[in-house]
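To start, the structure itself, in structure tokens.
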Amino acid sequence: MASHGTRRKAAGLALPRQRTAEQIVLALLVADAPYEGVVRLAARAAEGQDLPLHLALLADAGTTVAHSMVEMDHALTVARSSSPELQVQVSGPFGDEHAGELEELGEARLRLVVCSREAMARIDADPALAWLARTRLTVV
Numbered sequence: 005m006a007s008h009g010t011r012r013k014a015a016g017l018a019l020p021r022q023r024t025a026e027q028i029v030l031a032l033l034v035a036d037a038p039y040e041g042v043v044r045l046a047a048r049a050a051e052g053q054d055l056p057l058h059l060a061l062l063a064d065a066g067t068t069v070a071h072s073m074v075e076m077d078h079a080l081t082v083a084r085s086s087s088p089e090l091q092v093q094v095s096g097p098f099g100d101e102h103a104g105e106l107e108e109l110g111e112a113r114l115r116l117v118v119c120s121r122e123a124m125a126r127i128d129a130d131p132a133l134a135w136l137a138r139t140r141l142t143v144v
């Protein structure tokens, strides 16, 4: 088994580093709002700290699952193009009634939260997301 932080090879192909980390870098995305810069910055931060990137999508109640999947697929593409070997996890979509489920990630696990102004506005407006304001937060 490969040691912590090293790349493993199978059949001559480089595989992304896979490990269970106690801490993560969270990119908090809002459906239908620009988030490419958020994903790129969060991916670079995660790679620089040798931590997994976690993409979480906030969506309005009217956002379909199919649309959310398209948004997450695009975010994954951006993350992979920025840091090809990065371990990336995804969750969501989190609508208004499910925003509190983000807490399951655990405040102590969040080394850094990167979000857009739109996401920050939701954090400020939603009591279920208020705990995110206590984390190390970067707004892009």
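The sequence shown lines up with residues 5 to 144 when you count with the working numbering. Quick reminder that beta carbons are idealized off the backbone N, C-alpha and C, glycines included.
Residue pairing by DSSP places Gln53 in no beta bridge whatsoever.
Within the segment 67 to 120, complete beta strand (DSSP E) segments of at least 3 residues are found at 92 to 98 and 114 to 119, given in chain order. Less than 8 angstroms separates the beta-carbon of Val92 from that of Pro56. Below 8 angstroms, enough C-beta pairs join the segment 135 to 143 and the segment 106 to 124 to call them touching: three or more.
Three or more beta-carbon pairs drawn from the segment 26 to 36 and the segment 121 to 128 are found closer than 8 angstroms, and the two stretches are therefore classed as touching.
In the displayed model, Val42 falls within a helix according to three-state DSSP. Within the same chain, Leu57, Ala83, Ser86, Ser87 and Leu90 come within 7 angstroms of Ala47 by CB-CB distance, once the 5 residues on both sides are set aside. Scanning its chain for C-beta atoms nearer than 7 angstroms, with the 5 sequence neighbours on each side dropped, one finds around Ala79 the residues Leu33, Tyr39, Val43 and Leu59, in chain order.
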